[in-house]
Structure formats: C-alpha cells, structure tokens
Amino acid sequence: MIRFERVNFQYADSEAGVTDICLHVRKGECVVLTGPSGNGKTTLIRLVNGLAPAFYTGRFSGCIQIDGKDRSGEPLWKRGKTVGSVFQDPGSQFFSSEMPGEVAFSCENYGFPHEKIVLRTDVAIRRFRLEQLRDRSLDVLSSGEKQRTAVASVYAMNPPVYVCDEPTANLDGQGVKELREVLQGLKREGCTLLIAEHRISWLMDVADRFVYIRDGAIQWERTPKQMRLLPSEVMKQLELRAVQHCMPSRLSIPAVTGSPLLSLKSLSCKRGKHTIWENLNLAAWAGQIIAITGHNGAGKTTLAKIVAGLERPSKGSISLHGRKAGSSRRRKSCWYSSNDTGTQFFTNSVTEELFLGIFRTEEQLERARNLLKKLDLYAYKDAHPAILSCGQKQRLSIACGLLSDRKILLFDEPTSGLDGGNMRKIASALEDAAAEGKAVLVITHDEELIQACCSFQWDLSK
Amino acid sequence: MRETALSVPVKVWATACAILGVSLTANTLLTCFLALLAFCQLVFEKRWRLCLTFGVFYLALVLLLYLIRFHSLRMVVFSEFYVLMFYNLMPVFLVAWDLITTPPGQLSAALSKIHTPTPVILGLLVVFRFFPTMKAELKGIRQSMKNRRLTGPVQVLRHPAVTCEYVLVPMLLRCLQIADQLSVSAIARGAQSPGVRGSYYARKLQLADFLWMGIWAIGTILFFIIGGIK
Amino acid sequence: MENAKKWSVKDVITLVLMTVLLIVIQLGLNMVCMVNDFVSMVLSVGISMLVCGPVYFLMVNRIRKRFVSLVYMTLLGLVFLMMGNWFLLPWFIVVGIPAEIILWKGITPNRLTVSWTLSSLLYNGVNLLPIWFFWDTYYSFAVASGMEQSYIDAYVQYYTAPGWVIFILIFTVLCGFLGSLIGRKLIQKHFKKAGVL
C-alpha cells in the first residue's frame, strides 16, 4: 500500500531529515514507527501525507508509492482522499466548535454534494459513538473525545490509509484506551495504518510491526512478540517507553513524623454547584516526591493551582511550615508549572528566563550554570525558549522552579508526550530537586514516571 | 439545531435594513421602532438570553436618555454623546449580533452557496475558533505570570511596558503556532481542493424567512414615512 | 521570496488570526477609553496604535505578501459596519491603500514604520467620523435637553479647537511611530530569535 524506495529528504530550513528509507507497508497492515523524538518519525509521516515536501519544503529524492502509484506529481489536495492524517494535538486542529461541522470539514472541502456529506458525517459520528456529544461544544470534550472526533473527521472521507503522528501525546489514560479501540476497529475494516509513536505499550495488540528510527534512518524492525522479549536495559538505551503496560502503582500516603512543609486541613473545592473534592487532609514533607493521581476531572490540576495560590479553595486551610498561609504567601513558596509549556516563558533566552524575578549574583549564576548542565540545557543557554522541544521546555520549567528557591514545586503532567529518554531525564531532575530539600508534587498519569521517581501518592479518585 | 432560527440571507437583509434605517432617519429618537422590530426577531428565534442581556442594556440607555433629556442629568463618565450613539445604533447591534452568532456551519453553508472561494470560508471559520482558543491561552498566561510573581501591582506599575511585553509576546507566539497547526490540519484535509465547497447544512428558505424579509422591508419603509429622511 | 504573490492557506489563516487579534485589542481599548471624554477623544487612538504596532509588524513580516494591510483595514471597516458605523468601511479601505502603496515595492522595516505611522494618523477617523456624522443629531438633542452652549462646546472642543486637533494628530503620529519602534525591537529581540520569521 505504501512503498518507500531509497527515499531521502532534507528540510530546507534545518539539518534534520531522513536518509535512504526503504519500507513497505502492506494493505491492512499496522506499522508503528518508533524511536526517540526528533529523529525522523514525523518526517516519514509527512512524506506519506504529502505535507513534506509540499508544505514543509526541502530536498526530496527517491520514490514513494501509495496505492501502487507514485504520487509526487499530483497536487497535494488529492492526497487527502487516499491518506487521512491524525495529529498530536486535536484541540488546536479544529475548524469548528461543533461536532458535525468538524467531522464534515474534509467532505465540505472536497465539494461533495450535500446529501453525501450528511450521510458520511452521520455515519462517522455513529461509528465512533459520538452521537451523545453531538450538541456539545468541542472545547469542553475530554482529550480522548477530541481525538475521536478528529479520527471521525478523517473517517468521513473514507481513505484507505491512515497516518497518525504521535496521536497520544495529549491524551490521558482513558483517551489512549479509546484511541486503541478506534484503531483496532479501523484495522478490522481493512485500513492500512502507519503510526509514529514512542509510547508503545498501548499498541502491542494493534501493531503488526515496529520500525525503529534513529538519526533519520531505519535501524531495525521487530514484531510485538520480539519487542516483549527486549530487556528493560535495552529499552532504556533505545530511549523507548516500556513495552508492558505498567501496573497502576499503589504507593502509600506520606507519613513522616515531624512538622510537615505543607499541610492541607479539610480542604474542599466547589465550582458552581459541583463539588470537585471535599475534606482533603494531606501533608507533604521536604525531600518527598509525591504523585497526585486520579481519573479525569478528579480535580488534580485544581488542587495543584489551589496549593500554589493561583486559585482559591471553597473551604479549609493550607499551612506552610505549620503556619496558615494565604494565597499570596503560598505563591511566594510554591512553584507551579502547568502542562502547557507554551505560555510559561516570557523572556528571549533560557538564561534570562532562569533569572526572571531573581537577583543576579555570581553565586546564583554558578548555580544556574550547573543546573543547566545537569538538565542538559547548557547548549541552549542563549536560545529563545520558544525553539526548545517539549521535553526541554519542561526541563527549563523545572530549572526555573529550582532556582527560584521556593520550597514546594508542583508539576502538572511534566512527561506527557515525551519519549523514554526525556521522561527519565525529568525523573532524575525531580529527584535532584527532592534531594535539595524541596517537596515535589507531580500530577501524572505516567506510571513509568511514578515508578521511576515517586515515593508517595495522593490519590484523588477515592 | 434551533428550528426557529431564520436563515442567513434574512439576517443579512435585516442588518442591511437596520443600517439603512439608522443612518438615513431624520428622527433619531424614533429608532426605538427598529429596535423593537429587532427584539421581535430575537423573540421569534427564541433567543431568550440574548434578548434579556440586550434588553437590559437598552432599557438602561433609554432611562439615561430620558434623564438627560427631561431631568438635566449630566454624565460624569461615559458622555451623553455615547449614550445617544449607542441608543441610536442599538437596532444594528441587535441584528448584527444575531447574524454573527449564527453557528459557523450555517454561515459557511450560505457563503459556499454563493460560490465564495474556500480560503475566504476558512478565514471565516478561523475567526470563530479564535475566541475560545485565545481565552484559554490568556488564562494560561495570566496564571503563569502570577506564578512568576509578575502580576503584583508594584511590578505592573513600575514596569508597565515590560508587563505588556510579557503578555503580548507569548500570546503572539502562540497565535502564530496555532495558525501553523490550523493550516497543516486544513491542508491535510483538502483545503486546497479547487472548486466550490460543499456544506453539511443546507437550509431552504422557509415561509418564516420570507415573512421576516417582508416585515423588515415594510418596517423600514414605514419608519421612513413616520420619521422622515434626512 | 518565492511565491511572492500567491496566497497560501497558511497566509490566509495567519492573516485572519492576527487581524482578529488586532481588532479585538483596538475595540477593547476603545470601549475602555469611552469612560472618560478626554481619554477617549484625545488619547485612545494613540494608545491603541502604540499597542497594535508590534502586532502589525509581526503580521506583515510573517506573511510578507501584498495586500495584507488592505485586507486588515477592510476587515476592520467591516466590523464597524456591523456596529452601524457603515461610513467607516469606505474610510478604512481608503486608509489601507496608501499603506499598500508604501509597501508595494517590498517590505522593509523603514517602509513598515512609515506605513504604520501614516495609518495611525488616518486612524483618527474612527473617532472623528462618527462625531461628524452624528453631530447634528446630537446637537439638536443636546439643545432640546437644555444643555448650555458652553457645556456642548466644552465637549467638542477637542475636535474644533485647532490647538487640540494638532495635539491629537501629533500625539497619534508619535504613538504610531513609537509603536513601530517597539515592533522593530520586539522582532529583533523575540521573533527572529524564536525562529518564526
């Protein structure tokens, strides 16, 4: 169905690219491209859906056949009928705030007659069990529902080939489960799937082959069976996520004697009439890394923002060092780093960012230098924060938190969408923070991260 | 889907009538007649919330105007001129607001019916995505500024320019990023496909539509007869 | 620049997003300023041109096609049309044309500065035209409600006394110019470095 023959591609505006790719994806097969971020997975996906070289310009050589034809001469819009694309962040791809309009978007673009558009849209909505969400605004859907809507919008075109570029990067556990079912269904219907992904455990039952890509070239191919046999040290070297789905951890609630750094007393939170959680009594001590877990909508982010003094609880109190602290005092001692790193940086270089609001002394400069080296950011010390990758941005945020001398650090999903290598770097950064005597609270769904560094857990589901 | 909603051409017609009416009339105070007509249209479409908010606002304007006119009220803030202007333009606000809050799907359907090029329709759809997306972004920026302790009154007053930069730059960068993501998503889904764009919504003109078109035409003419033309 | 003339989907979307941002900022500032006569009649245009300068610079530099300014001004006019001030639509199209002519031969920072400064000057129409347009109506209403001549004059003096008019024009031009300078600085400081230009 898709055949790469000696394909080379090099982006016009950077060094990156892929070299000498030979790959054949048969009809009805599901092939997963895996490997660390920034090594060429996405480029291959773009070559198949035509965005490279048409949208992302560059030098291309070789031949890509899709459905038995070399399509390099065709205009880009024709490719969309054969190859459907699913992207990372469904929320920012939507053109409509309502479900039918979004699902019908491609059909509308291709100028299908009205009756056909309505038929296909309604079939797609039913196929992905989205009818009950039909009248809701897309912005309020959960991440999994958003991604399902995005797939439905591709499904309405009924292309034989689907390509997905890290489709789970912004999904939570439930969303990943939903997406797996969706992809299994598509495979059963005979669609060909090509997926770029470094979280591989959820794909073990869907994929036929895993293709490992590093430094812009295909290194090896393995079946799921062979993947399962790889020892975890090898996975670490490959910078991949675990093959097996980790068992949800059951860590204990912190119980240490002595006065806690942070304690919540009968804290409750209501938004409107809806009680998110109530009567929380929790505490954290210096040197601990605590995972805040719980299902979607359990109020994890709200809890973190309240602790950080960015929002207000409806009842109860929060104490720091045993003394009741209002929100402005909490803001002085707590660092909150949100999941969305896009809006967190304000200055024009990594170093400036670290010293935002901090007095510059020789000693602090030295600390900052060491910190950047340890977090593998030193090479970027003068770069604009906007050019950093997701993992680097998360690390920069951790570095800012560490340098700010605040005692309590809160992180919201710092590893979502990161590959194994980056996840481990974050884990060790958090451990360093704890070793400096900070109390670290991490909101996370990432069982691997919990296993790698967390010592305690606050579970909000109960 | 609200079955009671009027079709897009009727709303455009109503807006045109209202603009014509308020710009040409010789008797400004009489524009309440057009406003009444516009309120009737909203009631007919069962847009209660819109009716209520605009209704309250309109009544406040009328009250202020009454006080200015007959009880020599002088405004300390928000000059009398603006009160009169807003009062005068209210009919246009009402119908125009009704027009632009039509679900984007229907607007784009109406546009593709008159063979508008796809990029223009895409542009229109993007406008509607702007507001929910930017709202979320602004909230994010505000919270991280708060976290960085950049929102304190001392900081803001001492460095107003820097504060502006901190808000503007992340917002602009994010705006460009969203534009890129949206264009990738549009291109991958056939936005460059030539020819007329199709549409999911197709709404034939109904009796009510013709009725309202007539009401606005007659209403405007009547309004001119009573109030006179400049 | 290859494809100097053809507009891509990306250009359209960028233009629309940035234009909406500009319009939202301008309308928002305008509304807030209405609270006080002096601020709204004298300062508001200048303030919004100051804030919008960087956004305009980024928009034009990012898209680098002809007609960006004209389309922006036309859309702005359309918004005013929907708010009942229909005469601002032709006005803003007229404002867009000189900006377009200045940038016709290529976009350089200096030409952008000139075009934005000129636009700032002409942008005063947003306040002046409605007053001219509604003045008779307002005047008869004001007289009917028993306002004294001096009260009415005090209100409109900003647009009738030559001193004030000159001050307003100079102030907006200065603000527009300053906005351009800030735009240039921010482009060098942030956007070039962030790799978006």
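Taken in order, these protein sequences are the chains called A, B and C.
Counting from 1, position 209 in the first sequence corresponds to residue 209 in this note's numbering; the numbering is continuous, with no gaps.
Counting from 1, position 43 in the second sequence corresponds to residue 1043 in this note's numbering; the numbering is continuous, with no gaps.
Counting from 1, position 105 in the third sequence corresponds to residue 2105 in this note's numbering; the numbering is continuous, with no gaps.
For glycine and all other residues, C-beta sits at the position ideal for the given N, C-alpha and C.
Exercise. Hey, which unbroken runs of the alpha helix (DSSP H) at 4 residues or more fall wholly within the region 338-369 of chain A?
Worked result: Runs found: 350-354.
Problem set entry | Coarse secondary structure for residue 3(A), derived from DSSP in three states | Of the three classes helix, strand and coil, the one that applies to residue 3(A) here is strand, per DSSP.
Exercise. Looking only at C-alpha atoms, which of 280(A), 299(A), 266(A), 209(A) sits nearest to residue 274(A)?
Worked result: A check of alpha carbon separations from residue 274(A) across 280(A), 299(A), 266(A), 209(A) identifies 299(A) as the nearest.
For this session: Flag residue 2145(C) as yes if its beta-carbon sits less than 8 Å from any beta-carbon of chain B, otherwise no.
Result: Among the CB atoms of chain B, one or more fall inside 8 Å of the CB of residue 2145(C).
Problem set entry | Residue from 1006(B), 1007(B), 1013(B) whose Cα sits closest to the Cα of residue 1216(B) | Here the closest residue by C-alpha is 1013(B).
Exercise. Starting from residue 459(A) and walking both ways along the beta strand (DSSP E), at which residues does that stretch end?
Worked result: Unbroken beta strand (DSSP E) run through residue 459(A): 456-459.
For this session: Spatial neighbours of residue 2185(C) within its chain, please: CB distance less than 6 Å, with the 5 preceding and 5 following residues excluded, ordered by chain position.
Result: Hits under 6 Å: none found.
Exercise. Tell me the DSSP bridge mates of residue 1179(B)?
Worked result: None, per the DSSP bridge assignment.
Exercise. Within the chosen definition, does the region 22-33 of chain A reach the region 186-202 of chain A through at least 3 CB pairs nearer than 8 Å?
Worked result: The answer is yes - the region 186-202 of chain A touches the region 22-33 of chain A, with three or more Cβ pairs under 8 Å.
For this session: Let me know if residue 348(A) comes out buried or exposed under the rule of 16 or more other beta-carbons within 10 Å of its beta-carbon.
Result: In summary, residue 348(A) is buried, with 16 or more beta-carbon neighbours lying within 10 Å of its beta-carbon over all protein chains present.
Problem set entry | Cut-off 6 Å between Cβ atoms - residues of its own chain near residue 120(A), not counting five sequence neighbours on either side | For residue 120(A), where only same-chain residues beyond five positions count, the Cβ hits under 6 Å are 107, 156.
Exercise. Can you name, in chain order, every residue of its own chain whose Cβ lies under 7 Å from the Cβ of residue 182(A), other than the five neighbours on each side?
Worked result: The residues 128, 148, 151, in chain order, have a CB closer than 7 Å to that of residue 182(A) in the same chain once the five nearest residues on each side in sequence are set aside.
Exercise. At what residue ranges does the region 267-347 of chain A contain a whole run of the alpha helix (DSSP H), taking only runs of 4 or more?
Worked result: The alpha helix (DSSP H) runs of length 4 or more contained entirely in the region 267-347 of chain A are, from start to end of the chain, 300-307, 327-333.
Problem set entry | Residues that residue 296(A) contacts on chain B, provided the C-beta gap is smaller than 8 Å | The contacting residues do not exist; residue 296(A) stays about 17 Å from chain B at best.
For this session: With DSSP as the reference, label residue 17(A) as helix, strand or coil.
Result: The answer is strand: DSSP assigns residue 17(A) an E or B state.
Exercise. Comparing alpha-carbon positions, which option in 278(A), 385(A), 178(A), 43(A) lies nearest residue 2193(C)?
Worked result: Cα-wise, what sits closest to residue 2193(C) is 385(A).
Problem set entry | Short CB-CB distance (under 8 Å) between residue 2164(C) and chain B | With its beta carbon at least 8 Å from every one in chain B, residue 2164(C) lies outside the interface.
For this session: Could you say if the region 1165-1176 of chain B and the region 1129-1144 of chain B meet the contact criterion of at least three C-beta pairs nearer than 8 Å?
Result: Pairwise C-beta distances place the region 1165-1176 of chain B in contact with the region 1129-1144 of chain B, as three or more of them are shorter than 8 Å.
Exercise. For a contact meaning CB atoms closer than 8 Å, what does residue 2130(C) contact in chain B?
Worked result: By Cβ distance, chain B contributes 1085.
For this session: Go through its chain and collect everything with a Cβ distance to residue 294(A)'s Cβ below 7 Å, but skip five positions before and after it.
Result: Taken in chain order, the residues that qualify are 300, 459, 460, 461.
Problem set entry | is_contact[residue 348(A), chain C] using C-beta, thresh 8 Å | Answer yes: the Cβ-Cβ gap between residue 348(A) and chain C drops below 8 Å somewhere.
Problem set entry | C-alpha gap between residue 58(A) and residue 12(A), whole angstroms | In a straight line, the C-alpha of residue 58(A) is about 4 Å away from that of residue 12(A).
Exercise. When the Cα of residue 65(A) is compared with those of 306(A), 419(A), 82(A), which residue comes out closest?
Worked result: The shortest C-alpha separation from residue 65(A) is found at 82(A).
Exercise. In this structure, what does DSSP give as the bridge partners for residue 24(A)?
Worked result: The partner list for residue 24(A) (beta bridge, DSSP) reads 3(A).
Exercise. Sorted by chain position, which residues of the same chain lie with C-beta nearer than 7 Å to residue 2013(C)'s C-beta, five sequence neighbours on each side aside?
Worked result: Taken in chain order, the list of residues that qualify is empty.
Exercise. Which word fits residue 1106(B), buried or exposed, when buried means at least 16 other C-beta atoms lie within 10 angstroms of its C-beta?
Worked result: Per the 10 Å Cβ criterion, buried.
Problem set entry | Beta-carbon proximity list for residue 415(A), same chain, < 6 Å, skipping 5 on both sides | The beta carbon of residue 415(A) sits closer than 6 Å to the beta carbons of 423, 426, 446, 449 from its chain, once the five residues preceding and following it are set aside; these are given in chain order.
Problem set entry | Where the region 374-394 of chain A meets chain D: residues whose CB sits under 7 Å from a CB there | No chain D is part of this structure, whose protein chains are labelled A, B and C.
For this session: Please name the residue or residues paired with residue 60(A) in a DSSP beta bridge.
Result: DSSP lists 9(A) as the beta-bridge partner residues of residue 60(A).
Problem set entry | Alpha-carbon spacing of residue 402(A) relative to residue 89(A), whole angstroms | Roughly 29 Å between the two C-alpha positions.
For this session: Give the secondary structure of residue 32(A) by DSSP, where H, G and I count as helix, E and B as strand, and everything else as coil.
Result: Residue 32(A) falls in the strand class under three-state DSSP.
Exercise. Should the region 2021-2039 of chain C be called in touch with the region 1050-1062 of chain B, which here means at least 3 C-beta pairs below 8 Å?
Worked result: No, they do not touch.
For this session: Along the alpha helix (DSSP H) that carries residue 258(A), what are the first and last residues, could you check?
Result: Per DSSP, residue 258(A) lies in no alpha helix (DSSP H) segment and is marked neither H nor E.
For this session: Kindly say whether residue 1192(B), judged by its beta-carbon, lies nearer than 8 Å to any beta-carbon of chain A.
Result: Cβ-Cβ to chain A under 8 Å: yes for residue 1192(B).
Exercise. Based on the DSSP secondary-structure assignment, which residues constitute the bridge partners of residue 221(A)?
Worked result: As DSSP reads the structure, residue 221(A) sits in a beta bridge with 211(A).
Problem set entry | Whole-angstrom distance between residue 1185(B) and residue 94(A), CA atom to CA atom | Those two C-alpha atoms are separated by around 8 Å.
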